[in-house]
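Residues in the sequence shown are numbered from 2 upward in steps of one, following the numbering used here.
Note that the Cβ used here is the ideal one computed from N, Cα and C, for glycine as well.
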Amino acid sequence: MRSWADVANIEFEEEAGAPEGQLRFVNSAEPNVADAAFSEHSGRVRLNSHHWVNRAPTVNGYGRHTLTHEIGHLLGAAHTGDYDASRGPSNYREHAIFAEDSRAYSVMSYFDASNTGHDHQGEYASGPLMTDIAWAQKAYGANYSTRNTDTTYGFNSNTRRDDLSLVSPRDAAVFCVWDGGGNDTLDFSGYHQNQVINLRAESFSDVGGMKGNVSIARGVTLENAVGGSGADVLIGNDAGNRLKGGGGADHLWSGAGRDTFEYENATDSTLYHPDVLKDFVTGEDKVDISRLLRKHGLKDLTFVNRLSGRPGEAGLGYDPQKNESWLVLDLTGNGEIDFYLESHGRIALSDIVMGVPVKHRYV
């Protein structure tokens, strides 16, 4: 119920001790009932207490998903096609009336996410998805008070919603983000798989080894993305994004805004597994290495044309024919490249956020 109230102008109030409410949830003890739950036009959801999914309706489980589905019916949402369990079996090929009719887009669908090219690996959404949110907001209006400050989704979440929060790399993410405003972040730093993290509204991301399992609702602007330790692809939007690929050889697309690419660890981009900034625009975009330099205790940075074995030496190059730049750092003074970053588009010295004094020494 809370997940529906988060996205639309709906309020639910418990009437303690009242003999009858507008919405009622009751257990059905009939052992011959095959369904996990069903709803009635009278505002009642009957739960099959014998069905295994209702014994522990955990996040991303079918039981929790079914409750969200049935509450959708109570609010007026229909199935996403002309089918119903009471009419017998249905399948995507014969009964879907539009291409996106799957559980990747709607909890009201009967059809697995795989029918629309997604892979949720047996996990189910616990809250409304992209199509559900659009319907609920058309019917009741959008709830812009939901998460209208700076919010992080995924790892390091402050949403206070278990289906939008990740704690362990074993946790699965199947959700659609509705956000009322603020400076917001998709954080999938705890995953080691190769991921695609897309900040554009009405888009899907492939995170945690799944495909198309996290989406963003229409009208939502998220500003920041954090990748994991795999070779990730991060895609920005038209806002001013902060993109942090994390470990692995990542490809980062900034979008139309004035964007910042953030680096904290030398392993975030190395000589043999470098990040590539795919569409860097000098004078607009930034490379922020200030935390990286502080972590290594560097008080200044010296740009040179040849590493000499002193800590804090850097090199910055540009090939105008290929329109490619590279940034190298010797952070430890071993005379080797500890950090290496590539860019499609020129990186000027003024595009680099360092937070320390800069020197030059050329021989």
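Of all the options the options, which has the alpha carbon lying nearest to the alpha carbon of residue i?
i, options, result
"Met109", "Asn61, Gly142, Pro129 and Phe304", "Pro129"
"Gly142", "Val357, Asn324, Asp7 and Ile348", "Asp7"
"Ala226", "Ile236, Arg219 and Gly220", "Ile236"
"Tyr125", "Val168, Glu203, Gly213 and Asn184", "Gly213"
"Ala349", "Leu332, Gly336, Glu325 and Asp331", "Glu325"
"Leu1", "Leu223, Gln322 and Lys323", "Nothing can be reported for residue 1: it is not among the residues displayed for the chain, which extend from 2 to 364."
"Thr257", "Gly82, Asp280, Arg307 and Ser103", "The sequence as given places Ala at residue 257; Thr does not occur at that position. Minimum Cα distance to Ala257 is reached at Asp280."
"Met131", "Ala105, Arg65, Phe189 and Ser146", "Ala105"
"Arg219", "Gly123, Met355, Ala137 and Thr81", "Ala137"
"Gly77", "Ala140, His66 and Pro90", "Ala140"
"Phe112", "Leu253, Trp327 and Ser103", "Ser103"
Note down the Cα distance separating residue i from residue j, rounded to an integer number of angstroms.
i, j, result
"Ile217", "Pro312", "43 angstroms"
"Ala174", "Gln194", "13 angstroms"
"Val282", "Arg88", "57 angstroms"
"Ala250", "Gly334", "24 angstroms"
"Asp352", "Asp339", "20 angstroms"
"Glu16", "Leu68", "20 angstroms"
"Ala9", "Asn144", "5 angstroms"
"Val357", "Gly298", "11 angstroms"
"Glu343", "Val277", "5 angstroms"
"Arg171", "Val359", "43 angstroms"
"His74", "Val215", "23 angstroms"
"Ser4", "Gly316", "50 angstroms"
"Ala114", "Ala79", "18 angstroms"
"Gln322", "Ser204", "34 angstroms"
"Thr207", "Lys296", "A small fix is needed here, since residue 207 is Asp in this sequence, not Thr. The alpha-carbon atoms of Asp207 and Lys296 are separated by roughly 31 angstroms."
"Gly183", "Gly241", "13 angstroms"
Starting from residue i, trace the alpha helix (DSSP H) in both directions and tell me its first and last residue.
i, result
"His96", "Tyr93 to His96"
"Lys296", "Ser291 to Lys296"
"Arg3", "Arg3 to Val8"
"Arg65", "Tyr63 to Leu76"
"Lys139", "Met131 to Tyr141"
Please list the terminal residues of the continuous beta strand (DSSP E) segment that includes residue i.
i, result
"Ile198", "Val197 to Asn199"
"Asp331", "Glu325 to Asp331"
"Tyr154", "Thr153 to Phe156"
"Gly318", "Glu314 to Asp320"
"Asp276", "Asp276 to Leu278"
"Tyr341", "Phe340 to His345"
"Lys360", "Val359 to Arg362"
"Ala373", "Outside the shown range of the chain (2 to 364) lies residue 373, about which nothing can therefore be said."
"Asn216", "Inspection of the sequence shows that residue 216 is occupied by Ser rather than by Asn. Unbroken beta strand (DSSP E) run through Ser216: Val215 to Ile217."
"Ala226", "Asn225 to Val227"
Completely contained beta strand (DSSP E) runs for the region 237 to 262, where each covers 3 or more residues: Counting whole runs of 3 or more residues, the region 237 to 262 contains the beta strand (DSSP E) stretches 243 to 245 and 252 to 254.
Counting pairs of beta carbons, one from the region 284 to 301 and one from the region 246 to 262, are three or more of them closer than 8 angstroms? With the rule of 3 Cβ pairs closer than 8 angstroms, the region 284 to 301 counts as touching the region 246 to 262.
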